[in-house]
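First the structure, in the form of structure tokens, and then the observations on it.
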Amino acid sequence: MQSQCLIDGQWVAASDGRTFAVTNPATDEVIAEVPSLSASEATIAVEAAHDAWPAWRSRTAADRGALISKLAHLMRRDAEQLAQLMTLEQGKPLAEARGEMAYGTAFLDWAAEEGKRLYGEIIPASVTNKRLLVLRQSVGVCAIITPWNFPSAMITRKLGPALAAGCTVVIKPAEDTPLSALAIGELCMEAGIPHGVVNIITGEPNALGEAMLNDSRVRKLSFTGSTEVGKLLMAKASKNLLRLSMELGGHAPFIVFDDADVDHAVASAMACKFRNSGQTCVCANRFYIQDGIYDRFVSKFTTLIEQLKIGDGRTEGVHVGPLINNDAIAKVEAHVDNARSHGGTVRLGGERTMLKGLADRFYAPTLIEKCTADMQIAREETFGPVAPIFRFKDETQVIEHANDTEYGLAAYFFTQNASRLMRVAEALDYGIIGANDGVPSTTQAPFGGVKHSGFGREGGKYVMAEYTELKYVSWGMVPV
Ligand code: SIN
């Protein structure tokens with residue numbers, strides 16, 4: 013387990029010796045102490061990334077791709093240990109942590125190849141003595157700020173394309189889950205990625221964030237996290253007019269029409285809602301079920317939720333782990349209490365599950381019926397294992413409800429009618445649509461939101477635009 017920060021290829025502690033504790037959310041045990049770096053140490057990391065940039069961007073894309081592939085290979089070699097480390101610091105069930113390792117590594121595989129396809133263009137000129145060239149070049153030093161819910165994949169999703177494009181990076185992982193990030197740093201060094209190209213700093217988010225955003229050598233911020241923090245960072249990033257990629261909060265509707273395949277819809281609802289104990293930005297947060305299928309859907313959904321096993325993620329067979337911290341469970345409790353007080357019927361769960369020898373941070377998988385638009389849960393992201401059910405009558409009405417939110421990350425709907433499928437997909441104001449699909453996230457496809465869910469796209473060929481600038485060269489030709 014690596015518990016120091018990576019700056020310019022060296023493993024470093026804070027110069028004043030300050031550290032903070034990383035704990036297992038399932039047990040409250042302290043797993044490690046990691047450095048609480050100061051703003052001036054973040055500046056040293058930026059300097060290292062800036063100094064490393066000219067040589068890194070001058071390499072061929074094939075050469076950079078080979079090093080990214082080597083990193084992917086090492087992550088696959090160590091996948092089991094990395095998954096165990098992730099479960100230890102994040103709490104997610106081991107099977108999910110293993111899945112995240114595969115998901116995260118695939119972003120590196122993709123980027124290693126995609127970097128080779130950063131084609132420019134030659135535009136036909138309107139005069140004969142000019143050639144108009146468009147080049148795509150790396151943005152420069154990128155600040156990468158990542159969340160705790162996917163401690164590994166949210167780093168590789170940004171790191172892979174940044175490196176492939178020729179950028180260098182300073183990564184600031186979430187305080188709850190720095191160990192997975194530092195482990196990736198170790199593998200970067202083993203892969204032979206040159207010193208200074210990848211730097212990883214840990215510590216107090218405001219101080220480190222400000223140091224990076226105030227430094228004019230940083231040219232880009234890529235952030236995944238809450239809308240609230242995203243807006244603060246965006247305001248600070250305006251000082252140096254940084255390029256931005258913002259993957260922020262969600263509030264996904266999950267609509268089941270009468271003509272859906274009910275078993276498929278229920279299985280998809282389970283995967284969509286309870287992945288990572290409901291702690292994903294793309295989790296279904298509101299279930300809209302049409303009158304004619306309502307009873308069958310709710311009855312089958314209830315049966316499957318009852319079978320979920322809650323516990324320490326390290327125990328084989330556990331489906332739902334702890335929530336990440338006390339604020340997270342307090343928010344879930346507040347949403348459920350508010351739904352109850354507004355007339356919601358809690359059919360399953362609705363309280364903490366107390367488990368012998370474990371922390372009191374486990375929330376029982378919960379299903380609430382009779383939900384209404386005036387509840388907090390109908391307007392805000394819950395980030396927990398709670399499924400609020402709303403009943404609806406017709407398509408126009410449900411689309412209005414689904415779109416009546418400031419968020420626009422992911423939306424899901426289930427129908428077997430092909431015309432409805434395209435009509436509804438087009439009408440939902442979201443960046444990602446799962447049409448008969450509860451888990452649309454994948455390496456090849458663009459991932460990102462609209463409205464207060466942010467902007468920019470990660471994944472597929474689209475992500476490369478986030479880490480490159482277009483440069484126009486007007487080439488005047490001397491007459492013969
Ligand atoms: C997220 O919750 O931020 C990412 C989820 C995903 O990649 O599917």
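According to the numbering used here, the sequence shown is numbered sequentially starting from 13. We put the beta carbon where it would ideally sit given N, CA and C, even for glycine.
Span of the beta strand (DSSP E) holding residue i?
i: residue 485; result: 480-488
i: residue 94; result: Counting along the chain, residue 94 falls outside any beta strand (DSSP E), though it belongs to the alpha helix (DSSP H) covering 91-102.
i: residue 179; result: From DSSP, residue 179 is part of no beta strand (DSSP E); its letter is neither H nor E.
i: residue 300; result: 296-302
i: residue 446; result: 444-447
i: residue 133; result: 133-135
i: residue 436; result: It is not in any beta strand (DSSP E) - residue 436 instead sits in the alpha helix (DSSP H) that spans 430-439.
i: residue 400; result: 398-404
i: residue 265; result: 264-268
Got a sec? Which residues, its chain only, sit under 8 Å from residue i by beta carbon, not counting five neighbours each side?
i: residue 445; result: 422, 423, 424, 425, 437, 452
i: residue 23; result: 14, 16, 17
What residue from the options has the CA that sits closest to residue i's CA?
i: residue 478; options: 98, 54, 152; result: 152
i: residue 273; options: 309, 238, 24; result: 309
i: residue 232; options: 311, 322, 183; result: 183
i: residue 275; options: 24, 243, 450, 344; result: 450
i: residue 12; options: 428, 265, 447, 21; result: Past the boundaries of the shown model lies residue 12; the chain is included only from 13 to 492, so the question cannot be answered.
i: residue 291; options: 314, 319, 261, 265; result: 261
i: residue 278; options: 54, 416, 154, 401; result: 401
i: residue 113; options: 129, 126, 93, 128; result: 93
i: residue 375; options: 365, 384, 383; result: 365
i: residue 336; options: 179, 115, 99, 124; result: 99
i: residue 456; options: 34, 54, 30, 117; result: 117
i: residue 441; options: 428, 413, 458, 448; result: 413
i: residue 213; options: 76, 59, 480; result: 59
i: residue 10; options: 136, 125, 268; result: Here the chain has residues from 13 to 492 only, and residue 10 is not among them.
i: residue 360; options: 340, 395, 408, 311; result: 311
i: residue 432; options: 338, 28, 267; result: 267
i: residue 283; options: 28, 108, 240, 271; result: 108
i: residue 249; options: 395, 270, 271, 218; result: 218
i: residue 252; options: 314, 223, 269, 259; result: 223
i: residue 300; options: 427, 44, 70, 111; result: 427
My guess is that residue i and residue j are in contact by the Cβ rule of under 8 Å, so how many angstroms apart are they, rounded?
i: residue 379; j: residue 317; result: 6 Å
i: residue 354; j: residue 386; result: 6 Å
i: residue 14; j: residue 204; result: Contact doesn't hold; Cβ gap of about 17 Å is too wide.
i: residue 280; j: residue 397; result: Not really, about 16 Å apart at Cβ, beyond 8 Å.
i: residue 164; j: residue 192; result: 5 Å
i: residue 215; j: residue 377; result: With 8 Å as the limit, residue 215 and residue 377 do not qualify as a contact, their Cβ atoms being about 35 Å apart.
i: residue 119; j: residue 189; result: Actually they do not touch by this definition, with Cβ atoms about 17 Å apart.
i: residue 199; j: residue 86; result: 4 Å
i: residue 271; j: residue 429; result: 5 Å
Looking only at its chain, what residues have a beta carbon closer than 7 Å to the beta carbon of residue i, apart from the 5 residues adjacent to it on each side?
i: residue 38; result: 103, 324, 325, 333, 334, 370, 371
i: residue 491; result: 141
i: residue 264; result: 294, 295, 296, 297, 421, 422, 423, 424
i: residue 418; result: 463, 464
i: residue 383; result: 351, 356, 389, 390, 400, 401, 402
i: residue 482; result: 146, 148
i: residue 56; result: 19
i: residue 74; result: 128
i: residue 115; result: 165
i: residue 159; result: 166, 186, 236, 237
i: residue 79; result: 203, 204, 205
i: residue 130; result: 73, 148, 177, 476, 480
i: residue 195; result: 14, 94, 97
According to DSSP, what are the bridge partners of residue i?
i: residue 234; result: 156, 257
i: residue 142; result: 488
i: residue 364; result: 375
i: residue 211; result: 182
i: residue 150; result: 480
i: residue 35; result: 42
i: residue 390; result: Partner(s): none; residue 390 has no beta bridge.
i: residue 423; result: 445
Considering only residues of the same chain and omitting the five flanking positions on each side of residue i, which have a CB-CB separation below 6 Å?
i: residue 524; result: It is not possible to answer for residue 524, since the shown part of the chain is limited to 13 through 492.
i: residue 245; result: 235
i: residue 121; result: 84
i: residue 170; result: 156, 234
i: residue 62; result: 153, 229
i: residue 42; result: 33, 35
i: residue 501; result: No information on residue 501 is available, as it lies outside the stretch 13 to 492 that the chain covers here.
i: residue 257; result: 234, 468, 478
Starting from residue i, trace the alpha helix (DSSP H) in both directions and tell me its first and last residue.
i: residue 117; result: 106-126
i: residue 53; result: 51-70
i: residue 286; result: 274-286
i: residue 222; result: 217-225
i: residue 240; result: 239-249
i: residue 348; result: 338-353
i: residue 409; result: 407-415
Quick one: does residue i have its CB under 7 Å from some CB of chain D?
i: residue 139; result: Reference to chain D is not applicable here, since this structure consists of a single protein chain.
Requested in this report: When you get a sec, list the residues whose CB is within less than 7 Å of any heavy atom of the ligand SAH, chain order please.
Outcome: The model on display carries the ligand SIN but not the ligand SAH.
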